[in-house]
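Residue 245 in our numbering is what sits at position 129 of the sequence shown, and the numbering runs on without skipping anything.
No residue lacks a Cβ here, since even glycine has one placed at the ideal position from N, Cα and C.
Note that this is a predicted model, so its numbers are computed, not measured.
These notes are about the structure you will find just below.
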Amino acid sequence: MIPILLNRTEIYDAAWNRLIRESRQGIIYAHTFYLDIVCAEWKALVWPAQGDYEVIMPIPVRRKLGVEIVYQPVFCQYLGIFCRGPVSLHAMEAFLAQFNSHYKYISAYHFNPESFQVLMSFAGKTPLMHFEKQETHWLGTDRDYAEIAAGFSKDRRVNLKRSLKLGWQFSVSKNIHPLIFLFVNNTAGKIPGGVHHSSYDVLEAIFTKLTSLQCCDLWYAHKNGVIHAGILMVRDGDKAIFLFNAADEIGRKGNARTFLLDSYMKLNAGKRLTIDFESPQKASVVSFYKSFGGEAVAFWKVSKNLLPFPFRQIQNWRKRRSSLNTN
Numbered sequence: 117m118i119p120i121l122l123n124r125t126e127i128y129d130a131a132w133n134r135l136i137r138e139s140r141q142g143i144i145y146a147h148t149f150y151l152d153i154v155c156a157e158w159k160a161l162v163w164p165a166q167g168d169y170e171v172i173m174p175i176p177v178r179r180k181l182g183v184e185i186v187y188q189p190v191f192c193q194y195l196g197i198f199c200r201g202p203v204s205l206h207a208m209e210a211f212l213a214q215f216n217s218h219y220k221y222i223s224a225y226h227f228n229p230e231s232f233q234v235l236m237s238f239a240g241k242t243p244l245m246h247f248e249k250q251e252t253h254w255l256g257t258d259r260d261y262a263e264i265a266a267g268f269s270k271d272r273r274v275n276l277k278r279s280l281k282l283g284w285q286f287s288v289s290k291n292i293h294p295l296i297f298l299f300v301n302n303t304a305g306k307i308p309g310g311v312h313h314s315s316y317d318v319l320e321a322i323f324t325k326l327t328s329l330q331c332c333d334l335w336y337a338h339k340n341g342v343i344h345a346g347i348l349m350v351r352d353g354d355k356a357i358f359l360f361n362a363a364d365e366i367g368r369k370g371n372a373r374t375f376l377l378d379s380y381m382k383l384n385a386g387k388r389l390t391i392d393f394e395s396p397q398k399a400s401v402v403s404f405y406k407s408f409g410g411e412a413v414a415f416w417k418v419s420k421n422l423l424p425f426p427f428r429q430i431q432n433w434r435k436r437r438s439s440l441n442t443n
């Protein structure tokens with residue numbers, strides 16, 4: 117098996133998306149329409165090159181100072197290798213080898229959780245590639261709500277009771293602007309390095325597309341007609357991704373997001389659905405998601421830096437600074 121690297125224009129969308137829908141690892145991030153929104157440019161390793169694809173790997177890329185860089189796009193938690201069954205050791209080895217040979221700099225590339233076990237055979241053993249374990253949190257709703265709520269931590273149950281006493285109301289909306297405004301005014305300034313304005317354009321484009329496909333839910337919590345918090349859930353088969361959320365000070369102190377997430381779980385109790393909290397690697401946020409009874413699910417982050425000096429030193433310094441700012 118020798119995977120072939122294709123440019124975006126060489127990819128046959130129908131065959132690609134059919135494989136994503138049928139694959140064991142399938143996730144909405146890997147559909148061509150989603151990649152086209154979150155990536156300015158992307159390529160792919162595929163096998164075979166002709167006819168129906170059997171194994172594929174999307175690769176987001178961009179250029180800086182003439183160097184092609186692999187990166188993990190915003191609003192795209194993980195990608196990786198996709199096929200109709202489990203990823204075999206042979207396929208993983210072949211795709212990793214080609215991935216490694218084509219790119220000198222991989223800022224970050226996240227493999228989906230379905231590939232975690234098979235990738236363990238290569239972590240620390242693949243020349244020049246650095247493997248780092250990451251975690252998200254999943255919560256299944258295929259049971260009675262009472263059983264779901266029993267998994268909440270003591271603090272989460274207390275905060276939920278407080279939110280219910282405040283009389284929050286929720287509404288379903290097709291207008292994402294209030295959610296973006298909540299984030300800009302209450303959260304963006306606290307993020308090290310800030311948030312580029314283009315990220316909001318990407319989010320709006322995602323929401324517009326997913327709304328047309330009827331596979332997202334935008335809920336707001338409000339009091340006296342004023343919105344104080346919102347959550348955006350993306351539905352993909354039996355998965356629901358907690359893609360974006362925000363709250364102002366009143367919403368935070370009033371546990372409005374706890375109220376919204378609890379309401380979402382009530383609505384979906386008894387359904388075959390797994391909520392993916394898209395947990396960032398930040399202790400306070402992870403603690404919040406774990407408090408709902410979510411189970412930690414591991415995936416691999418891969419990086420590589422073979423840039424010429426001094427670019428390699430500059431990128432290493434940027435990564436160290438980013439790590440210090442987020443810890």
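Simplified DSSP assignment, three categories, for residue i
i: Leu282; result: coil
i: Val180; result: Residue identity check: residue 180 is Lys in the sequence provided, not Val. Correct three-state label for Lys180: strand.
i: Arg259; result: coil
i: Gln188; result: coil
i: Met73; result: Not covered by the structure: residue 73. The range shown for the chain is 117 to 443.
i: Val288; result: strand
i: Ile307; result: coil
i: Glu248; result: strand
i: Phe464; result: Residue 464 lies beyond the stretch modelled for the chain, which goes from 117 to 443, so this question has no answer here.
i: Ser223; result: strand
i: Asn421; result: strand
i: Phe232; result: helix
i: Lys159; result: strand
i: Phe238; result: coil
i: Glu313; result: A quick correction: the sequence has His, not Glu, at residue 313. His313: helix per DSSP, three-state reduction.
i: Ala372; result: helix
i: Ala414; result: strand
i: Ser438; result: Because the pLDDT at Ser438 is just 48, under 50, the model does not fix this residue reliably, and the point stays unresolved.
Inter-residue Cα distance where the pair is residue i and residue j
i: Phe232; j: Lys281; result: 42 Å
i: Thr252; j: Val342; result: 32 Å
i: Thr327; j: Leu359; result: 14 Å
i: Asn133; j: Asp271; result: 42 Å
i: Leu205; j: Val234; result: 6 Å
i: Ala265; j: Asp364; result: 25 Å
i: Gln214; j: Arg259; result: 43 Å
i: Cys332; j: His338; result: 20 Å
i: Pro229; j: Asn340; result: 42 Å
i: Glu444; j: Tyr380; result: Nothing about residue 444 can be read from this structure; the chain reaches only from 117 to 443.
i: Lys382; j: Ser287; result: 15 Å
i: Ala356; j: Ile143; result: 10 Å
i: Ala239; j: Ala207; result: 15 Å
i: Pro119; j: Met349; result: 34 Å
i: Ile296; j: Gln166; result: 42 Å
i: Glu411; j: Trp254; result: 5 Å
i: Asn216; j: Lys417; result: 14 Å
i: Ser223; j: Lys277; result: 43 Å
i: Thr442; j: Asp168; result: A caution first: Thr442 carries a pLDDT of 43, below 50, which makes its placement in the model too unreliable to give a value.
i: Ser237; j: Tyr219; result: 21 Å
i: Leu151; j: Val183; result: 21 Å
i: Ile185; j: Arg368; result: 38 Å
Residue nearest to residue i in terms of C-alpha spacing, selected from the options
i: Ile127; options: Ser139, Phe149, Glu138, Ile144; result: Phe149
i: Val274; options: Leu151, Phe375, Arg137; result: Phe375
i: Gly346; options: Ala321, Pro396, Asp392, Ile292; result: Ile292
i: Pro189; options: Trp158, Tyr219, Tyr380; result: Trp158
i: Val413; options: Gln193, Ile366, Val183; result: Gln193
i: Trp284; options: Tyr380, Phe408, His226, Asn371; result: Asn371
i: Phe211; options: Gly196, Asp352, Glu248, Ile222; result: Gly196
i: Ile391; options: Val401, Ala399, Tyr405; result: Tyr405
i: Leu423; options: Arg368, Tyr221, His246, Leu389; result: Tyr221
i: Pro308; options: Arg351, Tyr316, Lys398, Gln330; result: Lys398
i: Phe198; options: Thr125, Ala131, Thr257, Ser395; result: Ala131
i: Val311; options: Ser139, Phe191, Gln250; result: Phe191
i: Ser139; options: Pro243, Met173, Phe323; result: Met173
i: Ser279; options: Leu161, Pro164, Leu377, Ala262; result: Leu377
i: Leu319; options: Phe299, Lys306, Gly305; result: Phe299
i: Phe415; options: Ser403, Val401, Glu209, Glu394; result: Glu394
i: Pro176; options: Ser407, Val402, Cys155; result: Cys155
i: Gln330; options: Ser315, Val401, Tyr261, Ser289; result: Ser289
i: Val203; options: Asn301, Gln141, Val401; result: Gln141
i: Met117; options: Glu170, Thr125, Leu135, Ile153; result: Glu170
i: Thr257; options: Ser315, Ile366, Asn384; result: Asn384
i: Pro243; options: Glu209, Ile322, Lys306, Tyr187; result: Glu209
Residue i: first and last residue of the uninterrupted beta strand (DSSP E) it sits in
i: Glu209; result: No beta strand (DSSP E) holds Glu209; the alpha helix (DSSP H) holding it covers 205 to 218.
i: Ser488; result: Residue numbering for the chain in the displayed model covers 117 to 443; residue 488 lies beyond these limits and cannot be assessed.
i: Asp392; result: 390 to 392
i: Lys387; result: Neither: Lys387 is in no beta strand (DSSP E) and is coded neither H nor E.
i: Asn361; result: 355 to 363
i: Leu151; result: Run containing Leu151: none in the beta strand (DSSP E); it sits in the alpha helix (DSSP H), 148 to 154.
i: Leu122; result: 120 to 122
Residue i - containing alpha helix (DSSP H), residue span
i: Leu135; result: 129 to 138
Segments of 3+ residues assigned as beta strand (DSSP E) that fall wholly inside the region 316 to 352: 332 to 339, 342 to 352
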